[in-house]
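The opening position of the first sequence corresponds to residue 73 in our numbering, with each subsequent residue numbered one higher.
Yeah, the Cβ is synthetic: ideal placement off N, Cα and C, and Gly gets one too.
Reading through the structure tokens given below for one structure.
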Amino acid sequence: MLKQKYRLKKKYQFNYVYRVGKTCHGKFLLLVFSPSKNKNVKIGISVSKKVGNSVKRNRARRLIREGVSPYLEKIKQNFNIIIVAKQSIEGMKSPAVQDDVFSTLKKADLLL
RNA sequence: AAAGUUAGCCAGAUGAUUGCGUCAACUUUUGGUUGAUGAGGAAAGUCCGAGCAUCAUAGAGCAAAUGCACUUGAUAACGUCAAGCCGGGGUGACCCGAGGAAAAGGGCAACAGAGAUAAACCGCCAACUAACUCGUCUUGUGCAAUAAGGCAAGCGAGUGAAGGGCAAGGGUGGAAAAGUGAGGUAAGGGCUCACUCGUGAAUUUGGUGACAAGUUCUCGCUGUAAACUCUGCAUGAUGCAAGAUGUGGGACACAAAGGGCUGCUCGUCCGUCCCCAAGAUCGCAUGAGCACUUUGGCAACAAAGUGCCUAGAUAGAUAAUCAUCAAAAACAGAACUCGGCUUAUAGACUAACUUUACAC
RNA sequence: GGAGGUUUGGCUGAGCGGUCGAAAGCGGCGGUCUUGAAAACCGUUGAUGUGAGAGCAUCCUGGGGUUCGAAUCCCUAAGCCUCCG
């Protein structure tokens, strides 16, 4: 699990980011991000039922979390980010997901 | 050997590196170190049954609604399980069955067919009623008398299916009022008889019982209750988003209006209660618990003894990569907890049994 | 996590256990009208398999059952939708 200070939790927070934020597509991911007042970056992961049953959704969430955790310190800190899994993530391996996270973050210009 | 039936079991393992939740200890301060531990046989569907919680301390009667339905047992309980009974399927091992009542009552049964709960289209029948034909017959009539002939009635023989009788045979249908044979009859028919089949009642034997086998008497009845209904039994409602404790803010202003989770009647209780926000703590992990042994029981299961403590989050932990095992690949992720049912499921293994073929 | 509803032709949407492959509308096809089109009017039209054709068989989300007979009644599974903080 991500540390408490890095987590985006509340439904109103998600709604705010979806409403205000900008989007950026990767191969397996969709980033939605917006600036925030917090000092830390806050990350929420969203996997819809389209991806599959609960086992597949759990795996997608774990892969994304694993992919994001090395970059936590390198991301611009005053942002809220939601990572949405796409259907194509099913069956992917960890390094592929990590590469995609990196390239998408870079594309969105969120890295320091 | 092949094909099959039933029951049971497993549900990747080992090693290396990097990570996560919970608990404990230690350090120290909101971090770190060490150790322990961390998804299933279905965790699923939410189809049943319970615990637990609240609603009044959930009480009484009458209704309504819903569910269940062979027997005996098991169980906290069940629509579950076990052993049986009966019926059906299979060569067989074995499998399947919501399996009370249609003689309490009404409802429904398209099309086809002559006819659908009662019938007469084709068909069969001259015993009966009416009609017609015939006669080496009888009686009467007529005549003066006899004979022949005529007429009438009867008798006999025949024609004929209008009335009438019949339901054996025909074809329709899921269903046409039991089957075979004999007697009887105008023709026929359980009309009568014998045997068989089935219903109900009484009774004998066996069985706790469903029931089985037999005897006597009675009757011969369409199907449908997974439509209404009847009989018996059971059920108060809502579900952990139940609810308890606490925090912050607001409203009301001393009292009877009102309220109390299917309806009505009765009885009874509350009456300092309401709204909004946040989501802290508890509920929440020792339980109808798990493993092994013994005893009882055909079994389901029960009793006794010994040992064990085994996820508990709150946007939600149990993961990633690599190597080896021929290859890691099935269905699938706890969210208050148990007992079942149902559905999904790669591959591997064990035991018992059946049928067929071959060999001895 | 819990509670409910729904599924019928290409689309919308009726449907009493029997005369139901199934009302009606939209749509499609053909015709009339027009120089041509639109609109209007008239007629016709479900899908798949099989067959030369006439026709026959199957199909009301899937699979079972009850019934002589099921889109309809019962069981079971799946999809879609709604509600509860």
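If you compare alpha carbons, which of K121, Y90, A132 is closest to M164?
A132
Between the stretch 153-162 and the stretch 85-103, can you find at least three pairs of beta-carbon atoms closer than 8 Å?
yes
Report back the beta-carbon spacing between V104 and Y90 to the nearest angstrom; my notes put them in contact at under 8 Å.
Indeed they touch by this definition, with Cβ atoms about 6 Å apart.
Which residue from L182, S175, K178 puts its Cα closest to that of K148?
L182
Mapping the DSSP letters down to three states, classify F174 as helix, strand or coil.
helix
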